[in-house]
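I have placed the structure first, in the form of structure tokens, so that the comments after it can refer back to it.
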Amino acid sequence: MSSWRELEGGAPAIAAAGRRLLQADGTGTAFLATVRKDGGPRVHPVMPVLVDGSLYVFVVNLGWKYRDLLRDGRYALHSSPSAEGGEEFYVTGPANELSDAGTRAAVREASGGRLGGHEFEALFEMGIERALYTKWENWGTAETWPAYQKWAAG
Amino acid sequence: MARWADLEREAPEVAGPGRALLYQHGPGLAYLATNRKDGGLRIHPFCPVVTNGGIYGLVGRSPKRDDLARTGRFAIHAFPKAESDDEFMLAGEAVRLVTGEAELKIVSDAYHATGSTSSGDEDTYEFVIGRALFALYRARDGKPTWPPQYFKWRAR
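Chains as they are written, first to last, in my numbering: chain E, -19 to 134; chain C, 259 to 414.
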């Protein structure tokens, strides 16, 4: 499984934009799509955190989203609308639940203690298979068009 | 599966705040998740339009449109709200409108009336609803806002 570190090494500009747009210090909201039992998609907000070259999210272990990730770890994560508009970031890959106390403590600390303080918050590392950064040129005009930067794990 | 009008009639406590969230910025704005060919996921923003008793999307040539043409399965989530964590989500199957000039014109007119832009080469899909969810969170006052109060609806 490729991690955020591979994205940073292979496409540093995309990774930098992703870090900024995800507000990956546990203060930003992103939208996580998971695979339902019937195969269809489900979407809910999460608050991603980047620590030491890995992307993490805490997911409440009482809900469907958690069960989706345990059954079929495939996910897609999209940033919230950027403050100025005209930028998007999205990643896909496999999510894996982690039980390591040290990693959990590091992610909790990186979020300023806002996340991970309850047992019902399950920690997942989000593997990175593909990343897409979109910059809408001429944003806010009728002539806007998307410029894409893509990365895929080797 | 049901239409938006069914949701409005049977669960106004879901449809009312849901519609307000979709249109909070003027044009309809939401995330649309679809299934890739391999069953994995794709998610992108788009501009939903509620009109004519349905919820629709004009979808240009893209992998997202290919997903909808292949399976139609979707999940929609409204953009986040600035002042609270309220959520609105729909899931179901999208159906492409291929006939009915009058319906296509109604949808197109409503879409452009909100300020949404168009490339002119879009297909029009109606999002036929299987489930809907509105989550009402407590105000952000420094205390935890989770769990919210959930309002759920399923099509008969």
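The beta-carbon is built from N, C-alpha and C at its ideal position, and this holds for glycine as well.
The structure presented is a predicted model; accordingly, all values stated were derived computationally and were not measured.
Between the alpha carbons of residue i and residue j, how many angstroms are there, rounded?
{"i": "LYS45 of chain E", "j": "ASN76 of chain E", "result": "13 Å"}
{"i": "ILE313 of chain C", "j": "GLU64 of chain E", "result": "28 Å"}
{"i": "SER34 of chain E", "j": "GLU105 of chain E", "result": "7 Å"}
{"i": "HIS370 of chain C", "j": "CYS305 of chain C", "result": "10 Å"}
{"i": "GLY137 of chain E", "j": "ALA127 of chain E", "result": "Missing from the structure shown is residue 137 of chain E; chain E here goes from -19 to 134 and no further."}
{"i": "ARG112 of chain E", "j": "PRO(-8) of chain E", "result": "In the sequence on display, residue 112 of chain E carries Leu and not Arg. Approximately 12 Å, taken between the alpha carbons."}
{"i": "PHE346 of chain C", "j": "ARG396 of chain C", "result": "15 Å"}
{"i": "VAL365 of chain C", "j": "THR72 of chain E", "result": "32 Å"}
{"i": "ASP344 of chain C", "j": "ALA122 of chain E", "result": "31 Å"}
{"i": "SER376 of chain C", "j": "PRO402 of chain C", "result": "41 Å"}
{"i": "ALA278 of chain C", "j": "GLY53 of chain E", "result": "32 Å"}
{"i": "PRO303 of chain C", "j": "ILE334 of chain C", "result": "9 Å"}
{"i": "THR124 of chain E", "j": "ASP367 of chain C", "result": "21 Å"}
{"i": "LEU394 of chain C", "j": "GLY(-11) of chain E", "result": "41 Å"}
{"i": "THR114 of chain E", "j": "LYS410 of chain C", "result": "34 Å"}
{"i": "SER62 of chain E", "j": "ILE301 of chain C", "result": "16 Å"}
{"i": "VAL87 of chain E", "j": "VAL15 of chain E", "result": "25 Å"}
{"i": "SER59 of chain E", "j": "ARG414 of chain C", "result": "34 Å"}
{"i": "TRP262 of chain C", "j": "THR329 of chain C", "result": "20 Å"}
{"i": "THR83 of chain E", "j": "LYS17 of chain E", "result": "29 Å"}
{"i": "ARG323 of chain C", "j": "VAL23 of chain E", "result": "18 Å"}
{"i": "PRO74 of chain E", "j": "PHE11 of chain E", "result": "15 Å"}
{"i": "ASP379 of chain C", "j": "TRP116 of chain E", "result": "19 Å"}
{"i": "ALA85 of chain E", "j": "SER79 of chain E", "result": "11 Å"}
{"i": "ALA327 of chain C", "j": "LEU348 of chain C", "result": "18 Å"}
{"i": "GLY134 of chain E", "j": "GLY92 of chain E", "result": "34 Å"}
{"i": "LYS363 of chain C", "j": "LYS339 of chain C", "result": "30 Å"}
{"i": "GLY274 of chain C", "j": "ASP32 of chain E", "result": "43 Å"}
{"i": "ASN293 of chain C", "j": "PRO270 of chain C", "result": "29 Å"}
{"i": "ALA81 of chain E", "j": "ARG51 of chain E", "result": "23 Å"}
Please check the pair residue i and residue j, which I expect to be a contact at CB under 8 Å, by giving their CB distance rounded to whole angstroms.
{"i": "GLY286 of chain C", "j": "VAL272 of chain C", "result": "The pair is not a contact, with the Cβ atoms about 17 Å apart (cut-off 8 Å)."}
{"i": "ALA13 of chain E", "j": "TYR55 of chain E", "result": "6 Å"}
{"i": "GLY311 of chain C", "j": "TYR383 of chain C", "result": "Actually they do not touch by this definition, with Cβ atoms about 15 Å apart."}
{"i": "LEU57 of chain E", "j": "PRO28 of chain E", "result": "7 Å"}
{"i": "PRO25 of chain E", "j": "THR9 of chain E", "result": "5 Å"}
{"i": "GLY358 of chain C", "j": "MET259 of chain C", "result": "Actually they are not in contact, since the Cβ atoms of GLY358 of chain C and MET259 of chain C sit about 18 Å apart, beyond 8 Å."}
{"i": "ALA102 of chain E", "j": "ASP5 of chain E", "result": "Not really, about 20 Å apart at Cβ, beyond 8 Å."}
{"i": "GLY107 of chain E", "j": "MET(-19) of chain E", "result": "4 Å"}
Among the options, which has the Cα closest to the Cα of residue i?
{"i": "PHE69 of chain E", "options": "E:GLU89, E:LEU1 and E:GLU109", "result": "E:LEU1"}
{"i": "LEU49 of chain E", "options": "C:GLY330, C:LYS339, C:GLY298 and C:GLU351", "result": "C:GLY298"}
{"i": "THR372 of chain C", "options": "C:GLY284, C:ARG389 and C:GLY276", "result": "C:GLY284"}
{"i": "ARG110 of chain E", "options": "E:SER59, E:GLY20, E:ALA132 and E:PRO25", "result": "E:ALA132"}
{"i": "ALA288 of chain C", "options": "C:LYS295, C:ASP296, C:ARG294 and C:GLY276", "result": "C:GLY276"}
{"i": "TRP404 of chain C", "options": "E:ARG22, E:VAL40 and E:VAL23", "result": "E:VAL40"}
{"i": "ASP399 of chain C", "options": "C:PHE392, C:LYS363, C:SER377 and C:GLU341", "result": "C:GLU341"}
{"i": "THR309 of chain C", "options": "C:GLU361, C:GLY274 and C:PRO303", "result": "C:GLU361"}
{"i": "SER(-17) of chain E", "options": "E:GLY6, E:LEU30, E:THR7 and E:VAL23", "result": "E:LEU30"}
{"i": "ALA390 of chain C", "options": "C:ASP379, C:PHE332 and C:GLU380", "result": "C:PHE332"}
{"i": "LEU42 of chain E", "options": "E:LYS115, E:HIS98 and E:TRP116", "result": "E:HIS98"}
{"i": "GLN407 of chain C", "options": "C:ARG414, C:ALA413 and C:PHE392", "result": "C:PHE392"}
{"i": "ARG94 of chain E", "options": "E:ARG47, E:PHE38 and E:LEU78", "result": "E:PHE38"}
{"i": "SER374 of chain C", "options": "E:GLY92, E:GLY134, E:PHE11 and E:GLY120", "result": "E:GLY120"}
{"i": "ASP282 of chain C", "options": "C:PRO270, C:GLU380, C:THR329 and C:PHE337", "result": "Here the sequence assigns Gln to residue 282 of chain C, which means Asp is not the residue at that position. Nearest option by C-alpha distance: C:PHE337."}
{"i": "GLY19 of chain E", "options": "E:ASP32, E:PHE11 and E:ARG47", "result": "E:ARG47"}
When we look at the beta-carbon of residue i and count the other beta-carbons within 10 Å, is it buried (16 or more) or exposed?
{"i": "GLN3 of chain E", "result": "buried"}
{"i": "PHE100 of chain E", "result": "exposed"}
{"i": "ASN118 of chain E", "result": "exposed"}
{"i": "GLU(-14) of chain E", "result": "buried"}
{"i": "ASP325 of chain C", "result": "buried"}
{"i": "LYS295 of chain C", "result": "exposed"}
{"i": "GLY96 of chain E", "result": "buried"}
{"i": "GLY318 of chain C", "result": "exposed"}
{"i": "LEU290 of chain C", "result": "buried"}
{"i": "PRO321 of chain C", "result": "exposed"}
{"i": "LEU280 of chain C", "result": "buried"}
{"i": "TYR36 of chain E", "result": "buried"}
Taking 6 Å as the cut-off, is the CB of residue i close to at least one heavy atom of the ligand FMN?
{"i": "VAL386 of chain C", "result": "The ligand FMN is not part of this structure, which contains no ligands at all."}
Original post:
Should the segment 114 to 130 of chain E be regarded as contacting the segment 259 to 270 of chain C, the criterion being three or more beta carbon pairs within less than 8 Å?
Top reply: As far as the Cβ criterion goes, the segment 114 to 130 of chain E does not touch the segment 259 to 270 of chain C, which means the pair count is below three.
**OP:** Flag this pair as touching only if the segment 371 to 390 of chain C and the segment 333 to 353 of chain C have three or more C-beta atom pairs under 8 Å; answer yes or no.
**Re:** With a cut-off of 8 Å, the segment 333 to 353 of chain C and the segment 371 to 390 of chain C count as touching, because enough Cβ pairs lie within range.
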